[in-house]
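The structure appears below as structure tokens.
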Amino acid sequence: MKLQTTLLALVLTLSVNAQDWISDSECKSESAKIINQAISHLVNIEQSVAVGMAKAVMISDKNCECAKLVLAAAASGNQDFGSRKAKLSEVNASKLSPEEKAWYDLLVATTTEAEDWASTYEKALADFPNSPLINWFSTSTEDWSTYTNFATNFPANAASAYNMLAYAHAYGEIGDEGPNYDAAFASLDKLENLHDGPNSYDSRAEIAAMKGDYEMALDNQLKAFDYATSSSPYQYNLPVYWRKANQSDVSDRLIEAQKAMQNAILEGDKEKFSTFVSDEIGMITGDSNLGDFYSYSVDNLSEERNFTWNAFDLRDFETHFSPDMRTVILTFYASGSYSFTDSNEEVAYSTRASSVWLATDNGWKCAHASWAPYKSGTGIPK
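So the number in my numbering is just where the residue sits in the sequence shown, counting from 1, plus 1283.
Laid out in structure tokens, this is it:
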């Protein structure tokens, strides 16, 4: 009982601005409040929070079949996975209220044919025209006015609609003036007045990134991540926004890494070189003698050469980031000279080069490098 009480207390602390999505429930009174809040998290794309609430209710109220509907709604309806269908099979539909049963029928219809869904929804809407949950299924990005209408008709439940409208404004889907970020952020303000959850911060971060304000994006993504750090779905974009906000520093560090890796190669420093290459990914190289591409590893540092370097300098770097900031291409030039061991003949060296760096859990790693003579320059001997 202590465990049950603690879980209920924890869940109830999250029930800020509780919204009634189902007014007619067969669950206990306190359980119904939590389920309504779980549905609020569900429609606000915070499935992990909704699942946690539903499971907590199932511990304290074993007859609350609606909690199982939350679990089914959060699961995949993909026919190849079948997880929603399996969860629905565990629901005792005879213990559902009429409104809960309408939701159950709609969820079942998502696992069958499209025609089944249309007719099922038409019946549910006719039976429960004032149900926020049933009406939520009428919203669609194919017609943004459906979200405006929902917010007007169900103002207490409009948080999720405002989230969608924020994106509509940000993408310029509403009005004729293109992206309207002020309107987008105003919609998110309305969302946050109705619902306390991490998705609003995630949305604000994403829209700020669309605007090019990566400091705001990073600040809000941290708030979303802080809401539930462990296994957080909001973690993925954190390094993206951090690198966007600190792009110049990231560029400088990668340029220094390229120079340090090249020095390690010239000096035969295997330990230093290994810090720049991933064992899992490896590095593919094409030399400036225009030979075949090959895998380059610490073993190559021990190979004997028929020449020695007199000078080797890298210059004129440019950094090219992928949109997700997880891949970087460096372009640069190298100049210097080397002398053949047997004849002491000195050769002027001039190449252009590029390298590909990947962001990994262990830092940036070089996965590819390509070198070629620059204009009338000379590369290394074959």
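Built from N, CA and C at the ideal position, the CB exists for glycine as well.
Taking a contact to mean a Cβ-Cβ separation below 8 Å, would you say residue i touches residue j in this structure?
{"i": "L1641", "j": "I1564", "result": "yes"}
{"i": "P1462", "j": "A1511", "result": "no"}
{"i": "R1588", "j": "F1615", "result": "no"}
{"i": "Y1387", "j": "L1354", "result": "no"}
{"i": "Y1517", "j": "Y1497", "result": "no"}
{"i": "N1520", "j": "A1488", "result": "yes"}
{"i": "S1323", "j": "A1500", "result": "no"}
{"i": "Q1504", "j": "D1485", "result": "yes"}
{"i": "P1656", "j": "S1578", "result": "no"}
{"i": "L1379", "j": "C1349", "result": "yes"}
{"i": "Y1464", "j": "K1494", "result": "yes"}
{"i": "A1321", "j": "A1337", "result": "yes"}
{"i": "V1326", "j": "W1419", "result": "yes"}
Is it right to say residue i is buried, meaning 16 or more other beta carbons lie within 10 angstroms of its own, or is it exposed?
{"i": "G1551", "result": "exposed"}
{"i": "F1433", "result": "buried"}
{"i": "K1527", "result": "buried"}
{"i": "P1664", "result": "exposed"}
{"i": "T1422", "result": "buried"}
{"i": "R1367", "result": "buried"}
{"i": "F1364", "result": "exposed"}
{"i": "E1398", "result": "exposed"}
{"i": "F1576", "result": "exposed"}
{"i": "T1394", "result": "buried"}
{"i": "I1492", "result": "Residue identity differs from the one stated: residue 1492 is Ala in this sequence, not Ile. Burial call: buried."}
Can you give me the Cβ contacts of residue i inside the same chain, cut-off strictly under 6 Å, excluding the 5 residues immediately before and after it?
{"i": "S1515", "result": "F1508"}
{"i": "V1332", "result": "H1324"}
{"i": "A1467", "result": "A1449, H1452, A1453 and I1490"}
{"i": "A1652", "result": "T1568 and S1638"}
{"i": "D1596", "result": "S1618 and G1619"}
{"i": "K1473", "result": "Y1445"}
{"i": "E1460", "result": "none"}
Here's a check: name, in chain order, each residue in its chain whose Cβ is nearer than 8 Å to the Cβ of residue i, leaving out the five neighbours to either side.
{"i": "S1561", "result": "L1641, T1643, N1645, K1648 and A1650"}
{"i": "N1593", "result": "G1619, S1620, Y1621, S1622 and E1629"}
{"i": "T1610", "result": "F1604, V1639, W1640, L1641 and A1642"}
{"i": "K1370", "result": "K1351, L1354, A1355 and A1358"}
{"i": "D1303", "result": "N1319, P1415, A1439 and N1440"}
{"i": "K1384", "result": "A1376"}
{"i": "A1543", "result": "K1555 and F1559"}
Using only alpha-carbon positions, find the residue among the options that is nearest to residue i.
{"i": "F1600", "options": "V1581, R1635 and N1583", "result": "R1635"}
{"i": "G1660", "options": "S1633, L1477 and D1410", "result": "S1633"}
{"i": "V1374", "options": "M1499, S1359 and V1391", "result": "V1391"}
{"i": "G1662", "options": "L1573, V1639 and T1429", "result": "L1573"}
{"i": "I1318", "options": "T1435, V1340, Y1454 and P1522", "result": "V1340"}
{"i": "L1666", "options": "M1608, K1378 and K1406", "result": "Lying before the first or after the last residue shown, residue 1666 is absent from the chain, which here runs from 1284 to 1665."}
{"i": "N1413", "options": "D1570, E1382, E1329 and A1652", "result": "E1382"}
{"i": "Q1545", "options": "S1637, F1420 and N1529", "result": "S1637"}
{"i": "E1456", "options": "A1315, T1424, S1531 and I1567", "result": "T1424"}
{"i": "E1309", "options": "T1394, A1492, A1376 and D1459", "result": "A1376"}
{"i": "E1396", "options": "A1409, F1411, G1360 and M1493", "result": "G1360"}
{"i": "F1590", "options": "D1607, W1419 and A1631", "result": "A1631"}
{"i": "S1428", "options": "M1447, V1334 and K1506", "result": "M1447"}
{"i": "S1531", "options": "W1400, K1658 and M1608", "result": "M1608"}
{"i": "D1426", "options": "S1306, G1458, A1543 and K1658", "result": "G1458"}
{"i": "F1437", "options": "T1624, I1305 and F1559", "result": "I1305"}
{"i": "K1345", "options": "K1311, P1606, T1431 and I1417", "result": "K1311"}
Is there at least one Cβ from chain C nearer than 8 Å to residue i's Cβ?
{"i": "Y1445", "result": "As a matter of chain content, chain C is missing from the structure shown, which is built from one protein chain."}
With a CB to CB cut of under 7 Å and the five nearest residues on each side skipped, what residues in its chain are close to residue i?
{"i": "L1584", "result": "I1548, G1551, K1553 and F1556"}
{"i": "T1403", "result": "D1388, L1389 and A1392"}
{"i": "S1534", "result": "T1602"}
{"i": "Q1330", "result": "A1357"}
{"i": "I1328", "result": "N1482"}
{"i": "I1417", "result": "A1385, A1407, L1408 and F1411"}
{"i": "V1581", "result": "K1553, F1556 and S1557"}
Since I believe residue j is in contact with residue i (beta carbons under 8 Å), could you give me their beta-carbon distance rounded to a whole number of angstroms?
{"i": "Q1541", "j": "L1477", "result": "50 Å between Cβ atoms; not a contact."}
Is residue i a contact residue of the ligand GDP, with contact defined as CB to any heavy atom under 7 Å?
{"i": "V1353", "result": "Among the components of this structure there are no ligands whatsoever, and the ligand GDP is therefore not found."}
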